[in-house]
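Chemist: This is the structure I want to talk about, given as structure tokens.
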Amino acid sequence: MYRCVRCGRNVNALNGFTCGCGGTLEVVHESLEASLEVFESRLSEMEGPYRSGVWRYKELIHPLIGAEYIVTRPEGNTNLYRRVEVSRYTGLERVQLKHEGENPTGSFKDRGMTVAVSEAVRNGASVVVCASTGNTSASMAAYAAQAGLKAVVFIPEGEIAYGKLAQALAYGAQVIQVKGSFDDAMRVVKESSVELGLYVLNSLNPWRVEGQKSIIFEMLHQRGWEPPDWILVPAGNLGNTAAFGKALRELKQLGVI
Numbered sequence: 040m041y042r043c044v045r046c047g048r049n050v051n052a053l054n055g056f057t058c059g060c061g062g063t064l065e066v067v068h069e070s071l072e073a074s075l076e077v078f079e080s081r082l083s084e085m086e087g088p089y090r091s092g093v094w095r096y097k098e099l100i101h102p103l104i105g106a107e108y109i110v111t112r113p114e115g116n117t118n119l120y121r122r123v124e125v126s127r128y129t130g131l132e133r134v135q136l137k138h139e140g141e142n143p144t145g146s147f148k149d150r151g152m153t154v155a156v157s158e159a160v161r162n163g164a165s166v167v168v169c170a171s172t173g174n175t176s177a178s179m180a181a182y183a184a185q186a187g188l189k190a191v192v193f194i195p196e197g198e199i200a201y202g203k204l205a206q207a208l209a210y211g212a213q214v215i216q217v218k219g220s221f222d223d224a225m226r227v228v229k230e231s232s233v234e235l236g237l238y239v240l241n242s243l244n245p246w247r248v249e250g251q252k253s254i255i256f257e258m259l260h261q262r263g264w265e266p267p268d269w270i271l272v273p274a275g276n277l278g279n280t281a282a283f284g285k286a287l288r289e290l291k292q293l294g295v296i
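Residues are numbered in this note's numbering as their position in the sequence shown, beginning at 1, plus a constant of 39.
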């Protein structure tokens, strides 16, 4: 089940990943369970999806998906660091940094992509698509290659350094230039998803947000489920902001925090 974050309408199936009112959709789980003992036991997993720092918290991210559909590298398991220089600069003694650059393709995008690509496989998709200027294309191409899917990346012509596409090209993605801005490339993505049945993996795909919730789950797990006073996160299109808020609300409802 999906719900529009703007008007609150419930939607049974994704249709271009937007509501009729133009709002984006979020995943609504019928029920969520959190067993801290189970999560702790999975830290020793060496094979299978639970070795992932995302799928370790499967019951909070995608409870219904079967293991046969899960596409993982594995991702997550990123460290919390303390840095004297940062503490000195901020004047705060207990600053911790979560290094999402330790993910397989070098960014947090892998956390959302493992879930969204797994959902694409579950839905029988054969081609995945995104508009990107860097990290999203790298992550999508890597997970598509892992799953045996074809990946198509639309980029704004003349607005991206090809070095940023190195990983996407290395993983075999087809890269197509679009005249105009990133918004124009995104428009082509939406049109191709409707006309050609391609599976969109930009951040408007709500399963990306579900995967990115694991940053919060893993961070709290590393802290013994003791929330910090503040969480600071860089903001671009605010996908992580949405994911963090959703994760914290769900943990609060479950009585974990």
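Here a beta-carbon is modelled for each residue, glycine too, at the ideal position from N, C-alpha and C.
1. Assuming Arg81 contacts Glu114 under a Cβ cut-off of 8 Å, what Cβ separation, rounded to an integer in Å, is found between them?
2. Which residues in the same chain as Pro88 place their Cβ atom closer than 8 Å to its Cβ, once the five residues preceding and following it in sequence are excluded?
3. Please report the Cβ distance between Ser231 and Val156, rounded to the nearest whole angstrom; I am assuming they are in contact, meaning their Cβ atoms lie under 8 Å.
4. Roughly how far, in whole angstroms, is the beta-carbon of Ile100 from the beta-carbon of Lys252, given that I think they are within contact range, below 8 Å?
5. Among Ala170, Met179 and Glu79, which one has its Cα closest to the Cα of Val160?
6. Terminal residues of the continuous alpha helix (DSSP H) containing Arg226?
7. Which first and last residues belong to the alpha helix (DSSP H) in which Arg90 is found?
8. Restricting to runs no shorter than 4 residues, where is the alpha helix (DSSP H) found entirely within the region 74–159?
9. Which one or two residues does DSSP pair with Val239 in a beta bridge?
10. Are the CB atoms of Gly211 and Val248 within a distance shorter than 8 Å?
11. On a CA-only basis, which of Leu119, Val134 and Tyr120 is nearest Ser126? Give me that one, please.
12. If you compare alpha carbons, which of Leu131, Tyr128, Gly140 and Thr129 is closest to Asn116?
13. Assess, as a yes-or-no matter, whether the region 235–246 is touched by the region 55–66 under the definition of 3 or more beta carbon pairs within less than 8 Å.
14. Grab the span of the beta strand (DSSP E) containing Pro195 for me, first residue to last.
15. Would you list the one or two residues that DSSP bridges to Tyr41?
16. Smallest Cα separation from Ser74: which of Trp264, Val50, Val272 and Gly130?
17. Using the C-alpha atoms, what's the distance from Leu235 back to Gln213?
18. Quick one: give me the first and last residue of the beta strand (DSSP E) that Ile215 is part of.
19. Report yes if the C-beta distance between Val166 and Leu237 is below 8 Å; otherwise report no.
20. Please identify the residue among Asp268, Gly275 and Pro273 whose C-alpha is closest to the C-alpha of Ile296.
21. Against chain B, with Cβ distances strictly below 8 Å, would Cys43 count as a contact?
22. With Glu265 as the anchor, note down where its alpha helix (DSSP H) starts and where it stops.
23. Could you tell me if Gln292 is buried or exposed, where buried requires 16 or more neighbouring beta carbons within 10 angstroms of its beta carbon?
24. Are there 16 or more other CB atoms within 10 angstroms of the CB of Thr153, so buried, or fewer, so exposed?
25. Around the Cβ of Thr20, are there at least 16 other Cβ atoms within 10 angstroms (buried) or fewer (exposed)?
Modeler: Per the coordinate set shown:
1. The residue you call residue 81 lines up with position 42 of the sequence shown. The residue you call residue 114 lines up with position 75 of the sequence shown. That pair is no contact at about 14 Å.
2. As a position in the sequence shown, residue 88 is number 49, starting the count at 1. Excluding residues within five positions, the ones whose Cβ falls inside 8 Å are Trp94, Lys97, Ala106, Ile109, Thr111 and Pro113.
3. Position 192 of the sequence shown, counted from the first residue, corresponds to residue 231. Position 117 of the sequence shown, counted from the first residue, corresponds to residue 156. Actually they are not in contact, since the Cβ atoms of Ser231 and Val156 sit about 17 Å apart, beyond 8 Å.
4. Translated into the one-based positions of the sequence shown, residue 100 becomes position 61. Translated into the one-based positions of the sequence shown, residue 252 becomes position 213. Between Lys252 and Ile100 the Cβ distance is about 6 Å, and since that is below 8 Å, they are a contact.
5. Along the sequence shown, one-based indexing puts residue 160 at 121. When only C-alpha atoms are compared, the closest one is Met179.
6. For the purposes of this step, residue 226 is identified with residue 187 of the sequence shown, where counting begins at 1. Phe221 to Leu235 is the extent of the alpha helix (DSSP H) around Arg226.
7. What you label residue 90 is simply residue 51 of the sequence shown in a count that begins at 1. Taken as a continuous stretch (DSSP letters only), Arg90 belongs to no alpha helix (DSSP H), as it is neither H nor E.
8. 75–80, 97–100 and 123–129
9. To locate residue 239, count along the sequence shown from 1; it is residue 200. Per DSSP, Val168.
10. Stepping through the sequence shown from its first residue, residue 248 is reached at position 209. Stepping through the sequence shown from its first residue, residue 211 is reached at position 172. Contact: no.
11. One-based indexing of the sequence shown puts residue 126 at position 87. Nearest C-alpha to Ser126: Val134.
12. The count along the sequence shown starts at 1 and reaches residue 116 at position 77. Looking at the Cα atoms, Gly140 is the closest of the given residues.
13. yes
14. Start at 1 with the first residue of the sequence shown, and residue 195 comes out as number 156. Start and end: Lys189 to Pro195.
15. What you label residue 41 is simply residue 2 of the sequence shown in a count that begins at 1. Val50 and Val66.
16. Here residue 74 refers to the residue found at position 35 of the sequence shown. Nearest option by C-alpha distance: Trp264.
17. By 1-based counting over the sequence shown, the position of residue 213 is 174. By 1-based counting over the sequence shown, the position of residue 235 is 196. Computed Cα separation, rounded: 16 Å.
18. As a position in the sequence shown, residue 215 is number 176, starting the count at 1. It spans Gln213 to Val217 - the beta strand (DSSP E) in which Ile215 sits, taken as one unbroken run.
19. For the purposes of this step, residue 166 is taken as the residue at position 127 of the sequence shown. For the purposes of this step, residue 237 is taken as the residue at position 198 of the sequence shown. The answer is yes: Cβ separation under 8 Å.
20. Sequence index remark: in the sequence shown, residue 296 carries index 257 (1-based). Measuring from the Cα of Ile296, the nearest candidate turns out to be Asp268.
21. The structure shown contains no chain B, having only a single protein chain.
22. In the sequence shown, counting from the first residue as 1, residue 265 sits at position 226. Where Glu265 is concerned, there is no enclosing alpha helix (DSSP H), given that its DSSP letter is neither H nor E.
23. Locating residue 292 in the sequence shown gives position 253, counting from the first residue. It is exposed - the Cβ of Gln292 has fewer than 16 other Cβ atoms within 10 Å.
24. For the purposes of this step, residue 153 is taken as the residue at position 114 of the sequence shown. Classification of Thr153: buried, given that the 10 Å Cβ count is 16 or more.
25. No information on residue 20 is available, as it lies outside the stretch 40 to 296 that the chain covers here.
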